[in-house]
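Sequence order for the protein chains is A and B. For what it's worth, our numbering labels the leading residue of the first sequence as 362, then goes sequentially. For what it's worth, our numbering labels the leading residue of the second sequence as 190, then goes sequentially.
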Amino acid sequence: MNADLEKLQESNKTELERRGSIFNIGAPATEAVTISDQIAVGFGDGTVRFFQSGSDPKTVKAHKGVVLSMTNYEDHVLTGGDDGRFLKISSDGNIEEIFNFGSKWVDCVASHKDTKVCSSGKTVYIWTKNKDKPQTLEHQSTVAGLAFDNKGKRLAVSRYGGVTVWKLNNNKWTASNFTWKGSHGTVTFSPDTKYIVTAMQENQIHGWRINDKADLAMRGYPSKIKSFTWVGDTPYLVTSGSSDAVCWPFDGKEGPMGRKPIVVANGGKELATFVKALNGEKAVFTGFTDGSVLLAEIDESKKPIMIRSSTGSEVSTIAISSDNSQILIGDMKGSILLSSLWADN
Amino acid sequence: MENTSQVPVTVLTGFLGAGKTTLLNRILTEQHGRKYAVIVNEFGEQGIDNDLVVDADEEVFEMNNGCICCTVRGDLIRILSGLMKRADKLDAIIVETTGLADPAPVAQTFFVDQDVADRTKLDAIVTVADAVHLSSQLVDHHEAEEQIAFADVILLNKVELVEDNDIVKVNDRIRKINPFAKIIKTTRCDAPLDEIVGLNAFSLDRVLDIEPDFLESDHDHEHDDDVTSLSFVSDTPLDMDKFQDWFGNLLRTKGQDILRSKGILNFKGEEERYVFQGVHMLMDASPMGPWPKGKDRSSRVVFIGRDLDNMNLKEGFENCKSA
């Protein structure tokens, strides 16, 4: 490469790329979660790697195939794989197999305090403290998303035809069904637990107000929505799937009903593939199909900041350390950027 | 969109007892030196030779896309997107369907879901047929007829159990439903795997090789709901606008009865060949490079479906010829 070109590329790097570290893992980054001062990332080669500022990542050979799902659990991570294993992994590399489903995949995992949950096929398995045998919840089709509310009293399970919300009373789970035609994937409760929202197989998201099951259909996307995140105190549900980060307001009695979303972080001809809130701020990181990442305030008059330049591979995960000091960005080619968010760090 | 990183997918259909499991066992146990993922229903076997077996429930979902007959395999969308996250590259993916399955939802999945379409391509629908029982199955079961109609390749299996003149009869019966599938006569599914997996059968080149006389001469049938085929050829270049109007409207209004449509088209003023293929109301069309040197630039379309005689197909196609 000639020296001028090299200089030009160096100058095209963002501030965060210049001061951060780049790791090329060679397998798609599938999930990332924060545990204490580390960020755990699952990959398409079955490894979970623990990243920490100032040192090389620690690699744990966890699954035979792909790490399909991951969540944090106390100071561990829970992972589900296409090798049928549901694992609990500590950052020093200790692996505990919670269950082995054989040739069935472990598609989704969730946790709340000391409760561990996973799904395989149409069944959700729940392990509570000091019990060896899991409770099971059956559904009419394969489970595609799991989410606890913030108190851990309700578990939303998305599937074909809608969402089943299970409520825990006296150690028994009872079901309430929220119906909308089509196939529902990732699911989330709003922070005030008044709404549930799913990303659908079609190019739309769907929500329900829980108390009266009123429907909120949020359409108009050019592609499937693979990621959403709750931002700020309003709060906004910010979603991928468009050339901008699309921000739906969930304040007031009606939430986004009859209102237009705010759009920020325009990616030009690239589509947003991953979004992640900056904790405590009314701002969101948006990753795009070309690997670039923008940080934008939820304010259409403000200009976004380029965080990561294009890598040619779509952004598949973003995580922020629990003290808000570090950001980790991963893509489908397995390139990882770990960098401090603030210049004086 | 042609993309070299798309993994080819072979869909395996066939009636109960026809020999699908025999074929799956061969794929999983033979030293083929490739890396396959095999998506099965309750198979209970482990792959050797580093193949991957994925257990699936066949889940057929309706789409909310306004396409009234559009159903897809929801489990397949989930599994294919999971397989595409693997670090190692698969040479091919094989999807088994249950004996009574309608092949349409699995084929439609590759048209409807953008993520699936970007990263995989439907390579061929392979149907295993039982030479002994196919004739009676075609009378008794709708699904058997659809599996023959949808196929790109048909393994006519268990031929060792059938007299030669009966093989000719069952062969003719298949040809009446589907004249463009490649028929391979087998004993215990003993066809070479490279004639089954990784064919690029959906690339449509074979449409050119069908004998037009055979197609047009013979479509007498016993019942109105029999699956038949029709084919048309034109040496006059076609008008692109007229063709799109006619064909788009045809699929919208008659797509439920048209199981498969395929064609290679010579449009006036266009240097490249255009190819299309459809499954019910959905279709894909794209340019496919220049015409082969020394070959006629003739357009050819093939339809397989029910009630084709009442769709004015010949007249519609003739009207697309450029003035």
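C-beta atoms are modelled at their ideal positions from N, C-alpha and C, and glycine is treated no differently.
Residue-chain proximity (residue i, chain A), Cβ-Cβ < 8 Å
{"i": "residue 303 of chain B", "result": "yes"}
{"i": "residue 198 of chain B", "result": "no"}
{"i": "residue 253 of chain B", "result": "yes"}
{"i": "residue 266 of chain B", "result": "yes"}
{"i": "residue 401 of chain B", "result": "Unreliable positioning characterises residue 401 of chain B in this predicted model, as indicated by a pLDDT of 47, which lies under 50. The coordinate reading is nonetheless provided below. Judged by the 8 Å Cβ criterion, residue 401 of chain B is not in contact with chain A."}
{"i": "residue 250 of chain B", "result": "yes"}
Of the listed residues the options, nearest to residue i (C-alpha basis)
{"i": "residue 347 of chain B", "options": "B:197, B:207, B:491 and B:198", "result": "B:207"}
{"i": "residue 589 of chain A", "options": "A:444, A:521, A:558 and A:569", "result": "A:558"}
{"i": "residue 474 of chain B", "options": "B:360, B:429, B:424 and B:499", "result": "B:429"}
{"i": "residue 441 of chain A", "options": "A:435, A:425 and A:676", "result": "A:425"}
{"i": "residue 283 of chain B", "options": "B:511, B:197 and B:383", "result": "B:197"}
{"i": "residue 209 of chain B", "options": "B:279, B:287, B:293 and B:275", "result": "B:287"}
{"i": "residue 645 of chain A", "options": "A:497, A:615 and A:596", "result": "A:596"}
{"i": "residue 700 of chain A", "options": "A:379, A:663 and A:629", "result": "A:379"}
{"i": "residue 504 of chain B", "options": "B:420, B:218, B:462 and B:463", "result": "B:420"}
{"i": "residue 604 of chain A", "options": "A:467, A:567 and A:629", "result": "A:629"}
{"i": "residue 385 of chain A", "options": "B:276, B:375, B:330 and B:194", "result": "B:276"}
{"i": "residue 617 of chain A", "options": "A:503, A:626 and A:568", "result": "A:568"}
{"i": "residue 306 of chain B", "options": "B:501, B:194 and B:315", "result": "B:194"}
{"i": "residue 537 of chain A", "options": "A:421, A:518 and A:543", "result": "A:518"}
Partners in chain B for residue i, counting only beta-carbon separations shorter than 9 Å
{"i": "residue 405 of chain A", "result": "273, 274, 275, 276 and 277"}
{"i": "residue 429 of chain A", "result": "271 and 274"}
Within chain A, the residues that residue i reaches when beta carbons sit closer than 8 Å
{"i": "residue 459 of chain B", "result": "Those do not exist, as residue 459 of chain B stays about 27 Å from chain A at its closest Cβ, beyond 8 Å."}
Proximity test, Cβ basis, 8 Å: residue i and chain B
{"i": "residue 507 of chain A", "result": "no"}
{"i": "residue 692 of chain A", "result": "no"}
{"i": "residue 418 of chain A", "result": "no"}
{"i": "residue 689 of chain A", "result": "no"}
{"i": "residue 388 of chain A", "result": "yes"}
{"i": "residue 551 of chain A", "result": "no"}
{"i": "residue 703 of chain A", "result": "no"}
{"i": "residue 543 of chain A", "result": "yes"}
{"i": "residue 670 of chain A", "result": "no"}
{"i": "residue 440 of chain A", "result": "no"}
{"i": "residue 426 of chain A", "result": "yes"}
{"i": "residue 443 of chain A", "result": "yes"}
{"i": "residue 448 of chain A", "result": "no"}
{"i": "residue 498 of chain A", "result": "no"}
{"i": "residue 395 of chain A", "result": "no"}
Boundaries (first-last residue) of the alpha helix (DSSP H) holding residue i
{"i": "residue 435 of chain B", "result": "429-443"}
{"i": "residue 271 of chain B", "result": "263-272"}
{"i": "residue 335 of chain B", "result": "331-339"}
{"i": "residue 679 of chain A", "result": "Where residue 679 of chain A is concerned, there is no enclosing alpha helix (DSSP H), although the beta strand (DSSP E) it sits in stretches over 676-681."}
{"i": "residue 359 of chain B", "result": "353-366"}
Beta carbon proximity, residue i to chain D, threshold 8 Å
{"i": "residue 495 of chain A", "result": "Annotation note: the requested chain D is absent from the structure, which comprises protein chains A and B."}
Counted within 10 angstroms of its Cβ, other Cβ atoms place residue i as buried (16 or more) or exposed
{"i": "residue 261 of chain B", "result": "buried"}
{"i": "residue 452 of chain B", "result": "buried"}
{"i": "residue 607 of chain A", "result": "buried"}
{"i": "residue 598 of chain A", "result": "buried"}
{"i": "residue 469 of chain B", "result": "buried"}
{"i": "residue 500 of chain A", "result": "buried"}
{"i": "residue 445 of chain A", "result": "buried"}
{"i": "residue 703 of chain A", "result": "exposed"}
{"i": "residue 572 of chain A", "result": "exposed"}
{"i": "residue 486 of chain B", "result": "exposed"}
{"i": "residue 495 of chain B", "result": "buried"}
{"i": "residue 331 of chain B", "result": "exposed"}
Partners in chain A for residue i, counting only beta-carbon separations shorter than 7 Å
{"i": "residue 284 of chain B", "result": "Correct list: empty, because the minimum Cβ distance to chain A is about 15 Å."}
{"i": "residue 244 of chain B", "result": "464 and 465"}
Partner residues on chain A for residue i, Cβ-Cβ distance less than 9 Å
{"i": "residue 263 of chain B", "result": "502, 503, 505, 521, 544 and 562"}
Range covered by the beta strand (DSSP E) that runs through residue i
{"i": "residue 557 of chain A", "result": "556-561"}
{"i": "residue 204 of chain B", "result": "No beta strand (DSSP E) contains residue 204 of chain B, which DSSP labels as neither H nor E."}
{"i": "residue 435 of chain A", "result": "Looking at the DSSP string, residue 435 of chain A is not in any beta strand (DSSP E), and its letter there is neither H nor E."}
{"i": "residue 385 of chain B", "result": "Neither: residue 385 of chain B is in no beta strand (DSSP E) and is coded neither H nor E."}
{"i": "residue 505 of chain B", "result": "Note, residue 505 of chain B: premise wrong, no beta strand (DSSP E); alpha helix (DSSP H) at 502-507."}
Contacts of residue i in chain B (Cβ-Cβ under 7 Å)
{"i": "residue 584 of chain A", "result": "303"}
{"i": "residue 482 of chain A", "result": "246"}
{"i": "residue 391 of chain A", "result": "274"}
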